[in-house]
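Numbering (numbering that gives the first Met the number 0) for the sequence shown: 0 to 301.
All residues carry an ideal CB built from backbone N, CA and C; glycine is no exception.
Predicted model only: the values in this text are computed from it and were never measured.
Report on the following structure.
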Amino acid sequence: MRLAALLVAAGLDGQSSVSWPGAETEDPEIVRVSHDSRSVASGDLFCCVAGGTHDGHRFAADAVATGAVGLLVERSVIDASVPVVRVPSVRQAIGPLAAALHSWPSRSLDLVGVTGTNGKTSVVHLLRSILKASGRRAESWGTLSGERTTPEGTDLQATIARWVAGGVDAAALEVSSHALAQHRVDGTTFAAVAFTTLGRDHLDFHGSMEDYEAAKARLFDGTFASHAVISTADLAGRRMARRAENAGMSVVTIDPHRPTRLCRLLVHRGLEGEDSGGGHWRPVHRGKRVGGRGTGPVARLQ
0 MRLAALLVAA
10 GLDGQSSVSW
20 PGAETEDPEI
30 VRVSHDSRSV
40 ASGDLFCCVA
50 GGTHDGHRFA
60 ADAVATGAVG
70 LLVERSVIDA
80 SVPVVRVPSV
90 RQAIGPLAAA
100 LHSWPSRSLD
110 LVGVTGTNGK
120 TSVVHLLRSI
130 LKASGRRAES
140 WGTLSGERTT
150 PEGTDLQATI
160 ARWVAGGVDA
170 AALEVSSHAL
180 AQHRVDGTTF
190 AAVAFTTLGR
200 DHLDFHGSME
210 DYEAAKARLF
220 DGTFASHAVI
230 STADLAGRRM
240 ARRAENAGMS
250 VVTIDPHRPT
260 RLCRLLVHRG
270 LEGEDSGGGH
280 WRPVHRGKRV
290 GGRGTGPVAR
300 LQ
């Protein structure tokens with residue numbers, strides 16, 4: 000896709016300015032959106048991310064030397080031999096650009112995002128098992144899948160695109176507070192999102208519990224999904240539920256402290272369950288027992 004068309008497709012044409020190195024400069028064909036100068040290849044749009052340790056703007060010239068045909072920046076860079084796209088926030092632009100380049104892959108499958116201090120990995124594992132047991136071609140990403148709980152926007156969109164190309168029609172994704180604060184899932188459409196719990200963690204990154212909760216709350220502002228499943232076991236969960244409802248989302252709340260209330264989430268064509276008498280239930284589909292056991296607050300599965 001040509002650079003100018005990519006900016007329009009990503010919705011950034013009105014939020015960006017492009018500096019062309021010369022009047023006769025051709026609008027380059029963008030093959031990939033990348034953020035790591037060490038892996039830049041010919042045809043890449045290199046995104047100069049200002050990280051906590053390294054600033055991508057320092058590696059702009061190196062990226063061009065190894066094949067980048069365009070740069071995405073927040074400030075001026077020395078190299079001007081390729082088109083330079085300036086935006087207010089590179090991080091906020093990466094996800095939509097990568098998603099647009101891959102034809103918005105998350106819209107082509109049922110993707111569930113799960114956030115919370117504890118329980119993300121277990122819930123994602125169980126969701127994948129449920130989906131597979133129901134006959135879906137399912138995948139997942141989380142702590143057990145890679146170096147980061149949630150990959151950078153460039154890698155995330157490429158991964159989802161590979162899933163879709165391989166016939167995957169449903170997936171579950173752990174969404175960390177870091178990823179939400181750093182806009183790694185921007186440009187991603189979820190069929191549903193879920194919240195487990197909020198505990199004291201990652202304050203070295205967020206600075207305060209208020210900022211930590213605010214990062215997770217981004218997933219429930221109506222931008223990413225229209226459906227939410229939220230554990231209201233703590234005050235943060237109840238605030239998340241109100242936020243989601245105020246955003247017009249369809250919300251299912253689950254309170255493990257009130258086990259007589261059984262909430263059933265229909266995952267795929269008649270997911271069945273057994274009420275064990277205490278409001279807990281065992282996911283079953285067509286006589287198959289779903290793999291995994293858990294006691295997480297989103298749904299007490301036993």
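Given a threshold of 16 other Cβ atoms within 10 Å of its Cβ, counted over all protein chains shown, does residue i qualify as buried or as exposed?
i: residue 43; result: buried
i: residue 150; result: buried
i: residue 87; result: exposed
i: residue 195; result: buried
i: residue 20; result: exposed
i: residue 325; result: No statement about residue 325 is possible, as the shown extent of the chain runs from 0 to 301 and does not include it.
i: residue 229; result: buried
i: residue 198; result: exposed
i: residue 101; result: buried
i: residue 277; result: With a pLDDT of only 36 at residue 277, under the threshold of 50, the placement of this residue in the model should not be trusted, and no figure is reported.
i: residue 185; result: buried
i: residue 22; result: exposed
i: residue 234; result: exposed
i: residue 304; result: Nothing can be reported for residue 304: it is not among the residues displayed for the chain, which extend from 0 to 301.
i: residue 161; result: exposed
So, at 6 Å on beta carbons, what are the nonlocal neighbours of residue i in its own chain, with the 5 sequence-adjacent residues on each side left out?
i: residue 105; result: 159, 187, 188
i: residue 248; result: 221, 225, 227
For the beta strand (DSSP E) that contains residue i, what are its first and last residues?
i: residue 69; result: 69-72
i: residue 61; result: Segment 59-64 is the alpha helix (DSSP H) holding residue 61; no beta strand (DSSP E) there.
i: residue 44; result: 43-46
i: residue 227; result: 226-230
i: residue 24; result: Where residue 24 is concerned, there is no enclosing beta strand (DSSP E), given that its DSSP letter is neither H nor E.
i: residue 17; result: 16-18
i: residue 253; result: 249-253
List the whole-angstrom C-beta distance separating residue i from residue j, where the pair is believed to meet the contact cut-off of C-beta under 8 Å.
i: residue 137; j: residue 170; result: 6 Å
i: residue 114; j: residue 218; result: 5 Å
i: residue 126; j: residue 111; result: 6 Å
i: residue 183; j: residue 152; result: 5 Å
i: residue 179; j: residue 215; result: 6 Å
Assuming residue i is part of the alpha helix (DSSP H), what are its boundary residues?
i: residue 7; result: 2-8
i: residue 31; result: Where residue 31 is concerned, there is no enclosing alpha helix (DSSP H), although the beta strand (DSSP E) it sits in stretches over 31-33.
i: residue 217; result: Note, residue 217: premise wrong, no alpha helix (DSSP H); not H, not E.
Ignore the nearest five residues each way along the sequence and tell me which others in residue i's own chain have a CB closer than 7 Å to its CB.
i: residue 39; result: 33, 45, 62, 65, 66, 67
i: residue 30; result: 42, 43
i: residue 266; result: Unreliable positioning characterises residue 266 in this predicted model, as indicated by a pLDDT of 39, which lies under 50. A coordinate reading is not provided.
Can you list, in chain order, the residues of its chain whose CB lies under 8 Å from that of residue i, leaving out five sequence neighbours each side?
i: residue 192; result: 111, 112, 113, 114, 174, 218, 219, 223, 224, 226, 227, 228
i: residue 79; result: 18, 20
Problem - Within the stretch 80-122, ranges of the alpha helix (DSSP H) (whole runs, at least 4 residues) - result: At a cut-off of 4 residues, the continuous stretches assigned as alpha helix (DSSP H) that sit fully inside the stretch 80-122 are 89-100.
Exercise for the section: Tell me the start and end of each unbroken alpha helix (DSSP H) in the stretch 134-213 that is at least 4 residues and wholly inside, in chain order. Expected result: You should have 152-164, 176-180, 202-205.
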